[in-house]
Structures are given as C-alpha cells and as structure tokens.
Amino acid sequence: MTDEIRLEALRVLCRVGVTDAERAQSQPLEIDLVLELDLGAAGASDDVDDTVDYGEVALVVAAAVESTHHHLVERVATVAADAALRVAGRGAAVTVTVRKLRPPIPLDVRTAGVRLRRTSS
51 MTDEIRLEAL RVLCRVGVTD AERAQSQPLE IDLVLELDLG AAGASDDVDD
101 TVDYGEVALV VAAAVESTHH HLVERVATVA ADAALRVAGR GAAVTVTVRK
151 LRPPIPLDVR TAGVRLRRTS S
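Numbered per this note's numbering, the sequence shown spans residues 51 to 171.
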C-alpha cells in the first residue's frame with residue numbers, strides 16, 4: 051500500500067518512565083503517526099466520508115496516551131498504534147514513532163524513542 055495519512059510531532063503529556071522522578075509528573079512526548087490505507091476513493095470523491103479523519107485520529111491517540119501511565123515508551127507506542135487503528139479500521143497499517151523530549155540520560159541527547167509498525171486485521 052502506498053497511500054498515507056501523516057501526523058507529525060503530535061505533542062502530548064504522559065507519565066512514562068521507570069524512575070521515581072520520571073513517574074512523579076507528566077512529561078512531554080512527541081508522536082508521529084503514518085497511517086497506510088487506500089485513499090483512492092477519497093481522492094476521486096473529495097468526500098471526507100471516504101477517508102480517515104486525521105483530527106479524530108489525533109484526538110483519540112492523545113486521549114489514549116495521556117490517560118494512562120506506563121514504564122516504557124514501547125508501551126506508549128503500542129497504545130497509540132492501537133488507538134489509531136481503531137479509528138482507521140480494517141485493512142489499515144500504522145507506523146508510530148514516540149520520542150521522549152527530556153530523556154533521563156546524563157549526556158547531550160535531543161530525544162530518545164521508539165518506532166513500531168502495526169496492522170489491523
């Protein structure tokens with residue numbers, strides 16, 4: 051599949067981490083979502099009902115991520131992917147990148163994160 055809907059740099063606040071300091075307060079994360087699905091019908095019809103509402107995807111993903119606490123960014127990425135696929139529906143795939151903007155690393159690192167790809171059945 052070559053068609054994509056992209057959402058880049060969605061900013062959310064989430065409690066994520068393994069240290070007490072990380073879990074004490076929400077921290078900023080940045081999420082990229084690339085939904086793979088057939089956009090041919092939407093391109094032909096110019097009708098929003100023939101595509102996935104990326105605003106809804108952003109809201110659902112943000113709500114899912116912000117409402118939970120996790121130890122690992124891998125889990126945050128999985129929660130985000132599951133939420134995006136619920137909106138996108140059958141036959142879609144999503145690649146999710148989650149970046150911690152303030153990773154607890156004692157070196158000069160801009161971000162730390164993960165990328166994963168999931169498909170709906």
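By construction, the Cβ of each residue, glycine as well, lies at the ideal position given by its N, Cα and C atoms.
| Asked | Found |
| --- | --- |
| Find the nearest neighbour of Val102 within the set Arg136, Ala113, Ile155 and Val123, judged by alpha-carbon distance. | Arg136 |
| So Asp82 is in the beta strand (DSSP E); what residue range does that whole segment cover? | Gln77 to Glu86 |
| Let me make sure I understand the geometry here. Which of Thr69, Arg160, Thr52 and Ala133 has the alpha-carbon closest to that of Gly105? | Ala133 |
| With a 10 Å radius around its C-beta and 16 neighbouring C-beta atoms as the bar for buried, classify Ile155 as buried or exposed. | exposed |
| If you check the beta carbons only, do His119 and Val68 fall under 7 Å apart? | no |
| Quick one, which of Val144, Glu86, Leu87 and Val98 has its alpha-carbon nearest Val111's? | Val144 |
| Mapping the DSSP letters down to three states, classify Thr145 as helix, strand or coil. | strand |
| For Arg56 and Leu85, what's the separation of their Cα atoms in angstroms? | 6 Å |
| Ala108 and Asp100: beta carbons closer than 7 Å? | no |
| Please classify Leu63 as buried or exposed, where buried requires at least 16 neighbouring CB atoms within 10 angstroms. | exposed |
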